[in-house]
Each structure stands twice: as structure tokens, then as C-alpha cells.
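Asks: If you count the sequence shown from 1, position 28 lands on 29 in our numbering, and the numbers rise without skipping.
Positions of the beta carbon are idealized from the N, C-alpha and C atoms, including for glycine.
The structure presented is a predicted model; accordingly, all values stated were derived computationally and were not measured.
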Amino acid sequence: MAGDEEFYVRYYSGHRGRYGHEFLEFEFRADGHCRYANNSNYRNDSLIRKEMMVSPAVLHELKRIIAESEVMKEDDSQWPTKNVVGSQELEVRIGNEHISFETSKLGSLVEVQESQDPEGLRIFYYLVQDLKAFVFSLISLHFKIKPIS
């Protein structure tokens, strides 16, 4: 986990439906640049975009979370494919290792357990939960979403 190695993480979850293209997406780059976007047209909501720079310590923790999940050893060939409910994508590059997964949106662990690769999909499912919690924590630290008037 050297500081000068290639590093990139991108997660996307979305669908096209009654309210148009609704999605959540975030990415981290090796230079510490973090980009977040959340688009929902439900009740006339609009696109939320946030960008921030994070420290090398934050990137190190992100790499640790990914490494400990062992998601880099997984294969999405037996996972459910995207469907009308939507899709999820995870792309990770750490050094010379690169993975790119695409699967359907997962509503619960029951869907994970009933898949053809429950162990691999479970690793993906929990990693995504951890990454989303990590990003939402960073955003709440960097920005006041609803400032006090």
C-alpha cells in the first residue's frame, strides 16, 4: 500500500425509471480527489454534487478496507446481471491489480444468499455498505448538508 502506486475506486448504483436517471456515484483518485454525485428527481429533488480532497491517511484507510474485504479475489460472472430494478458497479485499481464488477441492485441479504455465488456476492455487498458509510461520513465532516439558519 505504498503512497505512489496507482489507486482508483468508483462505485455507481442507479436505475432509469419514472423519475428519470436516478443514481448514486462516488470515486476516489490517488491524488486524494474525491467526487460524489447523487441524482434523484423524486419530489423535484435535484442533482447533488460534492468534491473534496482527502488526506493520505484517508486513502490509506480506504485501501485497508478494500484489502481486508478480499474483494479483489472475487469474480462477478455468477452474480445477478443488471435488470429493471437497476445496477451497481464497483471498479477498483490498487497498484497493478484491477477489478470491475457489475451486478443488479441488491435489496437484502436474502437476494445475496439465493444467488449462484453467495460467498463472493456477500463480500461485495458488505464492502459496498462499508464504502457508502465511509463516504457519507466524509461528506458530513466536510459539508453541512442542511446548515442551521
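Got a sec? Which residues, its chain only, sit under 8 Å from S116 by beta carbon, not counting five neighbours each side?
Replies: Cβ within range, chain order: Q79, W80, P81, L122.
Asks: Taking the alpha carbon of G87 as the reference point, which residue from S14, L63, L132 has its own alpha carbon closest?
Replies: S14
Asks: Counting only the same chain and skipping the five closest in sequence on each side, list residues whose C-beta sits under 8 Å from that of N97.
Replies: Take N97, set aside five residues on each side of it, and the residues of its chain with a beta-carbon closer than 8 Å to its own are E7, in chain order.
Asks: Would you tell me roughly how many angstroms separate the C-alpha atoms of Q130 and M54, rounded to the nearest one?
Replies: 22 Å
Asks: Am I right that I95 and I124 are in contact with their C-beta atoms under 8 Å? What's the rounded C-beta distance?
Replies: Not a contact, Cβ separation roughly 16 Å.
Asks: I need the boundaries of the beta strand (DSSP E) containing E103, first residue and last residue.
Replies: 98-105
Asks: Out of E62, Y127, S101, E112, point me to the one whose CA is closest to A31's CA.
Replies: E62
Asks: When the Cα of L48 is compared with those of A58, P57, L25, which residue comes out closest?
Replies: Checking every option, the nearest Cα to that of L48 belongs to L25.
Asks: Taking DSSP as the reference, what is the three-state secondary structure of A38?
Replies: strand
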